[in-house]
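Each remark here refers to the structure printed beneath this line.
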Amino acid sequence: MIEVAIVEPPENIATRLELSDGDLTVVRRRLRFVDGQPYNTNDSYFPHAIVADSEIVNPADIVRGANLVLEELGHPQVRVVDDISARMPTPEESRRLELEPGTPVMEYVRVGYDDADVPVRVAVSVLPADKHLIRYELERH
-1 MIEVAIVEPP ENIATRLELS DGDLTVVRRR LRFVDGQPYN TNDSYFPHAI
49 VADSEIVNPA DIVRGANLVL EELGHPQVRV VDDISARMPT PEESRRLELE
99 PGTPVMEYVR VGYDDADVPV RVAVSVLPAD KHLIRYELER H
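For the sequence shown, position 120 matches number 118 in the working numbering, and the numbering has no gaps at all.
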């Protein structure tokens, strides 16, 4: 299920998107399930000024993906910065993810930048620590 809203973003998102006070974002919120159980959340924030007239504001699934829509709008993501941290969930996250008391979460924040080094997307995933492993494999070419 995808929920879409036009919002004034939380401060940490506004900072990552380098927005000014009062600038709006489009947020696409997803709750993902595995075997009928909540598995993780994924909330993607986009600067409203960039995506206002695109299908990103529509709650339907974007089959070709939001990254391709950004590219078509002239903002291809060419660089990303990932931050991963562990913490206790907020009450809303505990409710949304149906967490057992005391279950920590990992927060995975990815900021995507276009070819002018402008941040165009912030994706925030909240991952219950008892259900996820994060593995990176880097290869040098």
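Just so you know, even glycine gets a beta-carbon here, dropped at the ideal spot from N, CA and C.
Inter-residue Cα distance where the pair is residue i and residue j
i: residue 108; j: residue 24; result: 16 angstroms
i: residue 95; j: residue 21; result: 29 angstroms
i: residue 28; j: residue 73; result: 23 angstroms
i: residue 125; j: residue 58; result: 23 angstroms
i: residue 34; j: residue 93; result: 15 angstroms
i: residue 65; j: residue 3; result: 18 angstroms
From the options, residue whose alpha carbon lies closest to that of residue i
i: residue 5; options: 36, 42, -1; result: 42
i: residue 128; options: 49, 120, 87; result: 87
i: residue 78; options: 15, 1, 2; result: 15
i: residue 132; options: 120, 114, 105; result: 105
i: residue 38; options: 3, -1, 7, 73; result: -1
i: residue 111; options: 90, 135, 80; result: 80
Beta-carbon proximity of residue i to residue j, cut-off 7 angstroms
i: residue 147; j: residue 44; result: Since the first residue of the chain shown is -1 and the last is 139, residue 147 is not available in this structure.
i: residue 102; j: residue 84; result: yes
i: residue 67; j: residue 113; result: no
i: residue 11; j: residue 120; result: yes
Minimum Cβ-Cβ distance from residue i to chain C less than 7 angstroms
i: residue 120; result: Protein chain content of the structure displayed is limited to a single chain, and chain C is not contained in it.
Cβ neighbour criterion (16 or more within 10 Å) applied to residue i
i: residue 123; result: buried
i: residue 17; result: buried
i: residue 48; result: buried
i: residue 7; result: buried
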